[in-house]
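Enquirer: Supplied in structure tokens, the structure appears directly below.
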Amino acid sequence: MNGFVESGLSEDNFGEAKGGLASFDAFPKTKKTYLTRGRDSSAWTVTLILTCVYLAWSELSRWWTGNTTQTFSVEKGVSHDLQINLDMVVAMKCADLHVNMQDAAGDRTLAGELLRKDPTNWNMWAQGKNMHKLGEGEDALPGWEELWDVHDQLGAAKKKRKFPKTPRARGPLDACRIYGSLDGNKVQGDFHITARGHGYMEFGEHLSHNAFNFSHAIQELSFGPYYPNLQNPLDDTITTTPDHFYKYQYYLSIVPTIYTDDAELIPLLEAVNRDSRHPGRSVFQSSHAIKTNQYAVTSQSHTVPDNYIPGIFFKFDIEPIMLTIAEEWGGFFALLIRIVNVVSGVMVAGGWAWQMFDWALEVYGKRSGSRNGGMGMLGVFGGKEKHSFD
Amino acid sequence: MPAKSRFTRLDAFTKTVEDARVRTTSGGIVTITSLLVILWLAWGEWADYRRVVVRPELVVDKGRGEKMEISMNITFPRMPCDLLTLDVMDVSGELQMGVHHGINKVRLSPESEGSKVIEVKALDLHKDEASHLDPTYCGECYGAPPPTNAIKPGCCSTCSEVRDAYASVSWSFGRGEGVEQCEREHYAERLDEQRKEGCRLEGSIRVNKVIGNFHIAPGKSFSNGNLHVHDLENYLKDATHTFTHNIHHLRFGPQLSEEVIRDMQKKQQATGPGGWTNHHLNPLDGTLQTTEDKNFNFMYFIKVVSTAYLPLGWDSAPTRPAKYDELLGATIDGNYKGSIETHQYSVTSHKRNLMGGPDSEDGHKERIHARGGIPGVFFSYDISPMKVINREVRQKTFSGFLVGLCAVIGGTLTVAAAVDRALYEGVSRVKKMHSN
């Protein structure tokens, strides 16, 4: 409608028909003298306006929420390492614990040298306020993970990336907090915590079986870059046992996942993922995308006889299919078009409904006097506008 | 207006008598503009309707008892062909020793001379070298039991058969000194001659679609009970041999022709970001790994995911003749319009020195490699239970297109009417003010 602006606002343009362009006018206007206002039509107009506002509002809120799309692809590129972040407390003395990792490539990682071990008090952690057993509490609610929107995940990932310090222990130092990050091979593997002298051959005095207590509380177990605020299934879980010879086994399936709130970034993200030396690799440090790993877990625990090895074992395997979760916002222009669509639709439909109503009244003969011609498609506008301009 | 029946009153499209109509220039401009807008939007709708996008689906792979083709092209610039052995093993107990299926060994000149192709041979070496022999000839096996697949039962007619016989009882063979067959075939001389050469393995093998591994290692292999052993003597004797390798391609499933790939990529572009992103890319293609250490082991952990690509109208297209499934290294060309069944994979690479010890070279001094094993290149593959189906779809049906078209026309006209009305009323007010 810019053409109109360019042609200027000179009065001549709006005069009565003068041939030329005016003959193209598909919207013939009716002189006011020919228009009447329908009975109750102002109430009707108000109803229509309210409907419009309601529908436009719902359209707006849908636009505001955005929609989340999940795509999957087989992970490209040649991978090497997988970072493991661990923060857990075991109810045994640090000196008595062995932390190791073994994987399908035949490598053994001395995790104990990479992770920090701080002596602490068990009860202090066991009574932590968020602690729960795996599969209980809010875990038991089906689909609780749906509560996490992409922007929540991205927001959570922005927070600090350091492990918190071990608080000063109140009470005896009967437990050990093991925390830190380490790199493993990105293959099927087994991360385990065992007691000194049980499991690995070594010299040294034999550890009394009564010192065994593999009760543990996991604050954090995640794979990939460390984002403490992202919620993982094993975070804040606790299990306790009175038995000494007890074995905990966790089976984890790791699914590489990319979260992004900008779908335009996806090709770049894929490219970076494929080639770790890609020039755009800093994109995962931006606030628009993170690369992490989700996992599913099942756990199993039982007492073991004396000839077996007690301990805490995490067996993990990596799924080949990568999830990309993108949140998209339709453009503002698209929103505008939708709102215009809704409003005009309501107007037209409302005009017709009004006519039907009018006609129905007449048919039932509830009306005495004759009524002038109904309003056409544009009549609603006409009626409304006339009202406001008078 | 003439008298009206009840149904005439129902007319939603009431007409105004011509005399009562006012046509204005502004109205004309608005009409033409809105017509242009309609044309533009309708064209967009049409383009949307014609667009083919690719939607990925994830299903559980229900195919069973399938075979899978592994196609490879790997260069070993510092390993002579005579030393290389390819073994395929799977967990179902099928051990395909020394695979003889559709793989060519290409002898390459020494690296210093530019690794040019000298000779192409099927993996099956020394096949008919004993043909000139006296038909009654029965070679000695030097104490080892004769191989079951010997040309002449109970005899070791060729050097290769003596080697097989030795391998079957886990004896090391060496250079064949004192073995009549080998001296006749100049085995030792050939080994010496080829010492500096390289080798390229190209071709395909067909395996059961179960977890398994294939590896390329030096020397004849033999299985002794649960143990799989390679005869490393000749490999270790010579300092120049290493398992430096260059993977030109490694593919699971049939080859797709350039044309098919280009078509797929075009469709992927049309889908836009956030849609389908699986172009058929094999992550290991173009991988070069070098080592100066002969006791070096490269491992690739591969997870294979079945992938189907269903073009538009794939179900009405004629199916691929069954002979293509039998044929190794078949290519799917651009004329084929049916479903394309292939595999994608994700891979993790790992390398270690056979001496074991900490991995301080890569900056992981706390990571301790296992000790022992065979030098070579190992590919261990696992089959994912999921299958990815990429389906070409039209984003809109024809009726959807019609609905969109009506929405465009109706919406634009309504908005234009409102604008026009506002203009008209506004101008008449301005006029009135001026005249007053």
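These protein sequence lines are chains A and B, in that order.
For the first sequence, this note's numbering assigns the number 1 to the initial residue and increments by one for each residue that follows.
For the second sequence, this note's numbering assigns the number 391 to the initial residue and increments by one for each residue that follows.
Glycine is no exception: its CB is placed at the ideal position from the N, C-alpha and C atoms.
Quantities reported herein were computed from a predicted structural model and do not represent experimental measurements.
Starting from B/Ile764, trace the beta strand (DSSP E) in both directions and tell me its first and last residue.
Expert: Note, B/Ile764: premise wrong, no beta strand (DSSP E); not H, not E.
Enquirer: For chain A, is any of its Cβ atoms less than 7 Å away from the one on B/Asp518?
Expert: A caution first: B/Asp518 carries a pLDDT of 38, below 50, which makes its placement in the model unreliable, though a value can still be read off. So no, B/Asp518 is outside the interface.
Enquirer: Give the residues of chain A in contact with B/Arg757, contact being defined as C-beta atoms less than 7 Å apart.
Expert: What B/Arg757 touches in chain A: Asp107 and Thr109.
Enquirer: Along the chain, where does the beta strand (DSSP E) that runs through B/Cys528 open and close?
Expert: Premise fails: B/Cys528 is in no beta strand (DSSP E) and is neither H nor E.
Enquirer: Buried or exposed, going by whether 16 or more other CB atoms sit within 10 Å of the CB of B/Leu705?
Expert: Looking at the sequence shown, residue 705 of chain B is not Leu but Asp. Its Cβ having fewer than 16 others within 10 Å, B/Asp705 is exposed.
Enquirer: Taking B/Ala429 as the query, report the chain A residues whose CB atoms sit under 7 Å from its CB, ordered along the chain.
Expert: According to the sequence as given, residue 429 of chain B is Leu; it is not Ala. Residues of chain A passing the Cβ test: none, with the nearest at roughly 15 Å.
Enquirer: Have a look at B/Ala797 and A/Met347 and give me their C-alpha separation to the nearest angstrom.
Expert: Approximately 14 Å, taken between the alpha carbons.
Enquirer: Three or more beta-carbon pairs under 8 Å between the stretch 450-463 of chain B and the stretch 774-790 of chain B, yes or no?
Expert: With a cut-off of 8 Å, the stretch 774-790 of chain B and the stretch 450-463 of chain B count as touching, because enough Cβ pairs lie within range.
Enquirer: Ignore the nearest five residues each way along the sequence and tell me which others in B/Thr414's own chain have a CB closer than 7 Å to its CB.
Expert: Result list for B/Thr414: Tyr814, in chain order.
Enquirer: Would you mind reading off the limits of the beta strand (DSSP E) that contains A/Ile84?
Expert: Taken as a continuous stretch (DSSP letters only), the beta strand (DSSP E) holding A/Ile84 covers Asp81 to Val90.
Enquirer: Applying a beta-carbon distance threshold of less than 9 Å, which residues of chain B neighbour A/His80?
Expert: Within 9 Å Cβ-Cβ: Thr738, Ser739, His740 and Asp752.
Enquirer: If B/Val552 and B/Tyr527 are in contact, beta carbons under 8 Å, what's the gap, nearest whole angstrom?
Expert: Contact doesn't hold; Cβ gap of about 14 Å is too wide.
Enquirer: Any idea which residues DSSP pairs B/Asp772 with across the strands?
Expert: Per DSSP, B/Lys693.
Enquirer: So who's on the other strand from A/Phe72, going by DSSP bridges?
Expert: Looking at the DSSP assignment, A/Phe72 forms a beta bridge with A/Leu323.
Enquirer: Give the straight-line distance between the Cα atoms of B/Ser818 and B/His824, rounded to the nearest whole angstrom.
Expert: Rounded to whole angstroms, B/Ser818 to B/His824 spans 10 Å at the Cα level.
Enquirer: For B/Thr738 and A/Ile290, I'd like the C-alpha separation in whole angstroms.
Expert: Approximately 21 Å between the Cα atoms of the pair.
Enquirer: Taking contact to mean at least 3 C-beta pairs separated by less than 8 Å, is the stretch 85-97 of chain A in contact with the stretch 219-229 of chain A?
Expert: Yes, they touch.
Enquirer: Report the three-state DSSP secondary structure of A/His132 (helix, strand or coil).
Expert: In this structure, A/His132 counts as strand in the three-state DSSP scheme.
Enquirer: With distances taken Cα to Cα, identify the nearest neighbour of B/Ala806 among B/Ala760, B/Ser416, B/His638 and B/Asp409.
Expert: Of the listed residues, the one whose Cα sits closest to B/Ala806 is B/Ser416.
Enquirer: Below 8 Å on the Cβ atoms is my contact criterion, and I expect B/His733 with B/Val695 to pass it. Report the Cβ-Cβ distance as a whole number of Å.
Expert: With a Cβ gap of about 7 Å, B/His733 and B/Val695 count as contacting.
Enquirer: For A/Leu361, does the three-state DSSP call read helix, strand or coil?
Expert: In the structure shown, A/Leu361 sits in a helix (DSSP, three-state: H, G or I).
Enquirer: Can you list the residues of chain B that A/Ala104 reaches, using a CB-CB cut of under 7 Å?
Expert: Ordered by position in chain B, the residues that pass the 7 Å Cβ test against A/Ala104 are Phe691.
Enquirer: Kindly indicate the opening and closing residues of the beta strand (DSSP E) around B/Leu591.
Expert: That run of the beta strand (DSSP E) goes Gly588 to Asn598.
Enquirer: For the candidate residues A/Glu362, A/Ser79 and A/Gln219, whose alpha-carbon lies nearest to that of A/Leu134?
Expert: Closest option to A/Leu134, Cα to Cα, is A/Gln219.
Enquirer: At the level of alpha carbons, what is the spacing between B/Asn636 and B/Pro467?
Expert: Straight-line Cα distance between these residues: approximately 8 Å.
Enquirer: Measure the C-alpha to C-alpha separation of B/Thr667 and B/His639 and round it to an integer number of angstroms.
Expert: Residue confidence is low: B/Thr667 scores 47 on pLDDT, short of 50, so the model does not pin down where it sits. Its coordinate-derived value is still stated next. Taking the straight line joining both Cα atoms gives about 21 Å.
Enquirer: How many angstroms separate the CA atom of A/Asn185 from the CA atom of A/Trp57?
Expert: C-alpha separation (whole angstroms): 51 Å.
Enquirer: Tell me where the alpha helix (DSSP H) around B/Val809 begins and ends.
Expert: Segment Phe788 to Ser825, the alpha helix (DSSP H) holding B/Val809.
Enquirer: For chain A, find out if any of its Cβ atoms is closer than 7 Å to the Cβ of B/Gln734; answer yes or no.
Expert: Output row for B/Gln734: interface = yes.
Enquirer: Report the three-state DSSP secondary structure of B/Ile601 (helix, strand or coil).
Expert: B/Ile601: coil per DSSP, three-state reduction.
Enquirer: Could you give the distance in angstroms between the alpha-carbon of A/Ala105 and the alpha-carbon of A/Ile178?
Expert: So the alpha carbons of these two residues sit roughly 25 Å apart.
Enquirer: Near A/Ser301, what residues of its chain come up, given a Cβ to Cβ distance below 8 Å and the 5 sequence neighbours on each side ignored?
Expert: Within the same chain, A/Ser301 has close Cβ partners Thr239, Thr241, Tyr246, Lys247, Tyr248 and Gln249.
Enquirer: For A/Ala195 versus A/Asp96, is the C-beta distance shorter than 7 Å?
Expert: In contact: A/Ala195 and A/Asp96 (Cβ atoms closer than 7 Å).
Enquirer: How should B/Gly766 be labelled, buried or exposed, when 16 other C-beta atoms within 10 angstroms of its C-beta is the threshold for buried?
Expert: Classification for B/Gly766: buried.
Enquirer: Drop a sphere of 10 angstroms on the beta-carbon of A/Met356, count the other beta-carbons inside from all chains shown, and report buried for 16 or more, exposed for fewer.
Expert: Exposed.
Enquirer: With DSSP as the reference, label B/Thr667 as helix, strand or coil.
Expert: Because B/Thr667 carries a pLDDT of 47, less than 50, the predicted location of this residue cannot be relied on, and the following value inherits that uncertainty. B/Thr667: coil per DSSP, three-state reduction.
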